[in-house]
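These notes are about the structure you will find just below.
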Amino acid sequence: MYVRASRRFGGFVMVSRSFVLAAIGVLFASVSAQNLVLNGDFEALSIGNSVPGTPKVEGGWIFENYCGVETNGNPGKSSRLESNGSTSFDPTASQTVSGLQIGETYTIAWDWKPRVNYSGSGTGRSFGVFLDDQTYAGALFFGERLVATYVRSSVSFTATSTSHTVIFAGELDNRTNGGAGNTDVSYNLDNVELSAVPEPTSLIGLAWGALALRFRKK
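If you count the sequence shown from 1, position 203 lands on 1051 in the working numbering, and the numbers rise without skipping.
Here it is in structure tokens:
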């Protein structure tokens, strides 16, 4: 909706608060839309799985321990976090993202759903997102889904390096503090994004800059 300036005082333009908020919203969407993850929807990747000791490396991703790419996505293709019931290792899909700014906050977002629940019950922590290494100290997110529908989740972190490796893992158990015993809940992963979180002050500055340029042209 177009909002006309309400009053002018000495060359200054007073605009409605709703217009400013709308401008900030548009700028926020534009800035946050840059996805730093390659092939986050997995559509360009070939269908197939890795085997233990031989990762599947393609399109920026590293798939390990029977993890790979299949259909069953949201929509199209997805990554399968499935280790075929093994109790010796967890299936992982990882990607190293470069070009980060140290000290800035970034958000990781993804779609996920359970693929197969072999154990018949969960521990609440059979799925995890890790930063740089698959340890409890490197965990950003633990969760679980036992209903076979996709949901979208996200988690934020502050960059301590210009590059970080993001790791998604399923079938977590007490080896990575995912829960006691072998949970054996596998997952499908899709639409992975990693983007910078704009600072509010930066957005406000951009919004006012855009408004000033708009009225300067009138």
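Built from N, CA and C at the ideal position, the CB exists for glycine as well.
Given the structure is predicted, the values throughout are model-derived calculations rather than measurements.
Proximity to residue i [Cα-Cα], best of the options
i       : options                             : result
Glu891  : Gly921, Val885 and Gln882           : Gly921
Glu912  : Val899, Gln943 and Ser946           : Val899
Gly907  : Val945, Thr919 and Val999           : Val945
Phe990  : Thr1008, Asp1021, Asn932 and Asn897 : Asp1021
Phe937  : Arg973, Gln982, Asp889 and Pro923   : Gln982
Tyr998  : Ile950, Cys915, Thr919 and Leu1037  : Leu1037
Leu893  : Gly901, Asn883, Gln882 and Ser926   : Ser926
Thr919  : Gly976, Gln882, Asp889 and Asn932   : Asp889
Tyr966  : Thr940, Asn932 and Leu948           : Asn932
Ala1017 : Ile950, Ser1043 and Leu979          : Leu979
Ala996  : Val964, Asn887, Leu988 and Thr971   : Val964
Leu1042 : Ala985, Val977 and Gly986           : Val977
Where the beta strand (DSSP E) containing residue i begins and where it ends
i       : result
Asn1068 : Here the chain comprises residues numbered 849 to 1066, so residue 1068 is not present and cannot be evaluated.
Val945  : Thr940 to Ser946
Val1033 : Val1033 to Ala1044
Beta-carbon gap between residue i and residue j smaller than 8 Å
i       : j       : result
Ile1015 : Ser942  : yes
Arg993  : Pro962  : yes
Glu1019 : Val1033 : yes
Val885  : Thr953  : no
Tyr914  : Trp960  : no
Thr1010 : Gly947  : yes
Inter-residue Cα distance where the pair is residue i and residue j
i       : j       : result
Lys904  : Thr1006 : 29 Å
Thr955  : Thr1008 : 14 Å
Ser1002 : Gly924  : 21 Å
Glu930  : His1012 : 24 Å
Arg973  : Thr935  : 16 Å
Phe975  : Leu988  : 11 Å
Ser1004 : Asn883  : 14 Å
Thr902  : Gln949  : 32 Å
Gly916  : Gly986  : 22 Å
Ala957  : Thr971  : 22 Å
Asn887  : Thr940  : 16 Å
Asn897  : Glu1047 : 40 Å
Ile910  : Arg928  : 12 Å
To test your reading of the DSSP string, which unbroken beta strand (DSSP E) runs of 3 or more residues are found completely within the segment 972-1012?
975-979, 987-991 and 999-1006
Fully enclosed by the segment 902-932, which beta strand (DSSP E) runs are 3 residues long or longer?
Runs found: 904-906, 909-912, 916-918 and 926-929.
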